[in-house]
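Sequential numbering of the sequence shown, starting at 30, is according to our numbering.
We put the beta carbon where it would ideally sit given N, CA and C, even for glycine.
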Amino acid sequence: SGTGETGCVDIDGCALAGGSPCFPGVVCKDTKAPGLPAPGYTCGACPEGMRGNGTQCEQCRITAQMLASTVVDGTVKRSADLRIVAGLSLMTGDCTDTRGYNFGWSAVTSAGQQVALDAATNKADTLQLFVPKRSVLLPGLSYTLRFDARHAANTKVSASLVFDFFVAAAPLEAVVAGGNAQLSVGQSFTLDASGSRDADDETAYAMAYAWKCAAYVSGVKRKCDTDAEGNPTVVPTEGAKIGPLKLAGSPGSGIVYVWTLTLTKGPRSATSEVRVTVVQPVAGAGPPPVVGIAPLATAGAVTVSPPAGGSPAPSAALGAPATAGAC
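What follows is the structure, given as structure tokens:
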């Protein structure tokens, strides 16, 4: 500056009356005279997460997207791992970025209770979240999951995504072995439901077994309260196994005992039904034949085993009907 007659004085281009001519936070460098043409200063790069010429800077942006998830129709099974992959569209190349980004996942129940997610187990500080099956997500609850991405040096550069899902408990499988059989009076039987399954392997509740029995004689309902000798009996109604039992029978089509198992574990339940038919043999006829039907790919035969000491029983072919003889 100066008049030209009294001489010229070099001024600091970065210390003008209005302050630094560069954008706040940008390094200003004075240009010594004689030097570059006006304005007599240079500005450094825009702050982290911004872009521009150093004099004017604007905020950069990022966006987040959901790329992949094991959630199907808004539901994930308690017995399955939860995996979610987020995608991030980064700042453009003209944005200042020397610090990178921070990522974080969080989850709350529909009641607002925070769910603990950590970096070691859940990879909650990466783009890919992993929640092992039967861990922190409880069945029967809805959850809101949130992913946040922020620039490490400029938190205004951020993006997030939110979605809801439901954790479904697997259905119980009520399995009864020893049913759907035809027996003679005096033969014992046991119904065993200890093979019933819980795919979730939930440990908060114990498996409970409840049995009901109804007996039918020629379609008429009666109680299951008589043993093979006609004496009153008490049929168990609890426990994984029922038996060994010897119950009353009747000639002909016998007495059909229909057993219904109700399996419960916490709020879940399942049922299974089996039938045991007990036949009273006709005096002197020996025990009733045992009928076995083998799986057939094509038409075959149903074989009937003869009673002990009886005559051989014929085989009934499941083929073309027999041709009647002439009158």
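Beta carbon of residue i nearer than 8 Å to that of residue j
| i | j | result |
| --- | --- | --- |
| residue 179 | residue 187 | yes |
| residue 190 | residue 207 | no |
| residue 218 | residue 292 | no |
| residue 97 | residue 117 | no |
| residue 199 | residue 177 | no |
| residue 78 | residue 59 | no |
| residue 134 | residue 149 | no |
| residue 280 | residue 271 | no |
| residue 29 | residue 290 | With the chain covering only 30 through 356, there is no way to say anything about residue 29. |
| residue 132 | residue 84 | no |
| residue 238 | residue 283 | no |
| residue 69 | residue 55 | no |
| residue 197 | residue 104 | yes |
| residue 76 | residue 89 | no |
| residue 108 | residue 201 | no |
| residue 287 | residue 213 | no |
| residue 140 | residue 165 | no |
Three-way DSSP call (helix, strand, coil) for residue i in this model
| i | result |
| --- | --- |
| residue 260 | coil |
| residue 211 | strand |
| residue 48 | strand |
| residue 273 | strand |
| residue 57 | strand |
| residue 14 | Given a span of 30 to 356 for the chain in the structure shown, any question on residue 14 remains unanswerable. |
| residue 222 | coil |
| residue 217 | coil |
| residue 185 | coil |
| residue 300 | strand |
| residue 178 | strand |
| residue 291 | strand |
| residue 341 | With a pLDDT of 41 at residue 341, under the threshold of 50, the modelled position of that residue is not reliable, and the figure given next carries that caveat. Three-state DSSP puts residue 341 in coil, outside helix and strand. |
| residue 62 | coil |
| residue 268 | coil |
| residue 191 | strand |
| residue 205 | coil |
| residue 227 | strand |
| residue 308 | strand |
| residue 38 | coil |
| residue 198 | coil |
| residue 334 | Note that residue 334 scores a pLDDT of 35, beneath 50, so its modelled location is shaky and nothing firm can be said. |
CB-CB length for residue i against residue j, believed under 8 Å
| i | j | result |
| --- | --- | --- |
| residue 205 | residue 303 | 5 Å |
| residue 137 | residue 184 | Not really, about 22 Å apart at Cβ, beyond 8 Å. |
| residue 222 | residue 203 | 7 Å |
| residue 171 | residue 192 | Contact doesn't hold; Cβ gap of about 11 Å is too wide. |
Using 8 Å as the Cβ pair cut-off and three pairs as the minimum, do the region 110-128 and the region 157-171 touch?
Look at the beta carbons and you see the region 110-128 touching the region 157-171: at least three pairs across the two are nearer than 8 Å.
Length-filtered (3 minimum) beta strand (DSSP E) runs lying within the region 68-143
Within the region 68-143, the complete beta strand (DSSP E) runs of at least 3 residues are 70-72, 79-81, 86-88, 92-98, 104-106, 111-118 and 130-138.
Going residue by residue through the region 141-176, where are the continuous beta strand (DSSP E) segments of at least 3 residues, counting only ones entirely within it?
Contiguous beta strand (DSSP E) elements confined to the region 141-176 occur at 157-160, taking only those with 3 or more residues.
Report the start-end ranges of each beta strand (DSSP E) in the region 231-259 that is 3 residues or longer and not cut off at the edges.
The region 231-259 contains these whole beta strand (DSSP E) runs: 237-246 and 249-251.
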